[in-house]
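In our numbering, the protein residues as written are 20 to 328.
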């Protein structure tokens, strides 16, 4: 029977669909790049997240490969042109975890604005601090959503009940925006009015360090930064400096340029430690899309896109 490599956690809805289609599923969730290179020739399909880089070298060894399913969004882990050249079907599932990411971004924003995490930690230490934990409200604030795809639009939908002004910017001119969002053709109004900026863009050469010191200097008032997209979208050193200068008041990160911490070089660790020591910065370990519901939805999306369900 043809085999499929399962290199990421999936819901049984996907493995059962693959089995009904005649595939044997081999789950190797801790597979390394080297191990994948050595074994990929026996697989007709790969289901992965961010663990593997499906590059030219791996694709050249995958002589039987017919499809790749990406759990989540962002196809930067796959050499898409080369895969297409080889006739390999590649599908992703951004619509499957968009709601999870949107809820997480909102949770981080609320947690930081209300000082929920800080005050909780203090209570665990026996401290009862009220005035020092006075927060701010989202009502009346202006938020700029950069990238209005699946997650950006889902985040905007969550925010629509908070009586905020929602501005959005996306390089895609064909996007349809709901009436509670004010689409922007340039960044000028965002620079002038934004209190909060949230990124929902894919990793690409064009988006690397989209948020940097030069970009930050354009804002007319201190901003809250939220990044649940990709780590290399934000220049982390610019965030350190922005916090010191008062250009950034608070920051929320679910992603980092190098993950996990053990893979960071010394400079990256130094910047990370500077940020994580700041009570105005909130981190989570790339779990925004990690809900039980998202696992099911992403698995089902891939099964449908591969015409298995």
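Glycine included, C-beta positions come from ideal geometry on N, C-alpha and C.
- A check of alpha carbon separations from residue 240 across 233, 210, 226 and 188 identifies 210 as the nearest.
- Between the segment 26 to 41 and the segment 57 to 70, the count of Cβ pairs shorter than 8 Å is three or higher; the stretches touch.
- Assignment of residue 114 by DSSP, reduced to helix, strand and coil, places it in the helix class.
- Rounded to the nearest angstrom, the gap between the Cα atoms of residue 126 and residue 200 is 20 Å.
- The C-beta distance from residue 108 to residue 73 rounds to 12 Å, too long to meet the 8 Å contact threshold.
- Per the coordinates, the alpha-carbon of residue 124 lies some 25 Å from the alpha-carbon of residue 110.
- In the three-state reduction of the DSSP assignment, residue 257 falls in the helix class, which pools H, G and I.
- For residue 41, no beta strand (DSSP E) segment is defined, and its DSSP state is neither H nor E.
- Between residue 188 and residue 203, the C-beta gap is smaller than 9 Å, which places the two residues in contact.
- Counting only the Cα atoms, residue 246 lies some 11 Å from residue 301.
- Secondary structure note for residue 63: its beta strand (DSSP E) is the uninterrupted segment 62 to 67.
- Secondary structure note for residue 161: its beta strand (DSSP E) is the uninterrupted segment 161 to 165.
- Cα atoms of residue 283 and residue 289: separation of roughly 9 Å, rounded to the nearest angstrom.
- By the neighbour-count definition (other C-beta atoms within 10 Å, threshold 16), residue 316 is a buried residue.
- With 16 or more other CB atoms across the displayed protein chains lying within 10 angstroms of its CB, residue 183 is buried.
- Residue pairing for residue 45: DSSP places it in a beta bridge opposite 24.
- According to DSSP, residue 246 shares a beta bridge with 218 and 272.
- By the neighbour-count definition (other C-beta atoms within 10 Å, threshold 16), residue 304 is an exposed residue.
- Residue 201 is bridged by DSSP to 186.
- Taking C-beta atoms under 8 Å as the contact rule, residue 267 and residue 242 qualify, at a distance of about 6 Å.
- Taking C-beta separations shorter than 6 Å and ignoring five residues to either side along the sequence, the partners of residue 83 in its chain run 63, following chain order.
- As the crow flies, the alpha-carbon of residue 238 is around 20 Å from that of residue 190.
- Closest option to residue 269, judged by alpha-carbon separation, among 277, 260, 275 and 276: 260.
- Annotation for residue 107: no beta strand (DSSP E) segment contains it, and DSSP assigns it neither H nor E.
- At least 9 Å separates the beta-carbon of residue 99 from that of residue 115.
- Look at residue 238 here: in three-state DSSP terms it is coil, with no helix or strand label.
- Bounds of the beta strand (DSSP E) holding residue 87 are 86 to 89.
- Taking C-beta separations shorter than 6 Å and ignoring five residues to either side along the sequence, the partners of residue 154 in its chain run 132, 133 and 134, following chain order.
- The Cβ atoms of residue 257 and residue 235 sit closer than 9 Å to each other.
- Residue 248 counts as buried, since no fewer than 16 other beta carbons sit within 10 angstroms of its beta carbon.
- Residue range 300 to 302 is occupied by the beta strand (DSSP E) that includes residue 302.
- With contacts defined as CB atoms closer than 9 Å, residue 42 and residue 61 fail to qualify as a contacting pair.
- Distances from the alpha-carbon of residue 78 to those of 229, 58 and 144 put 58 closest.
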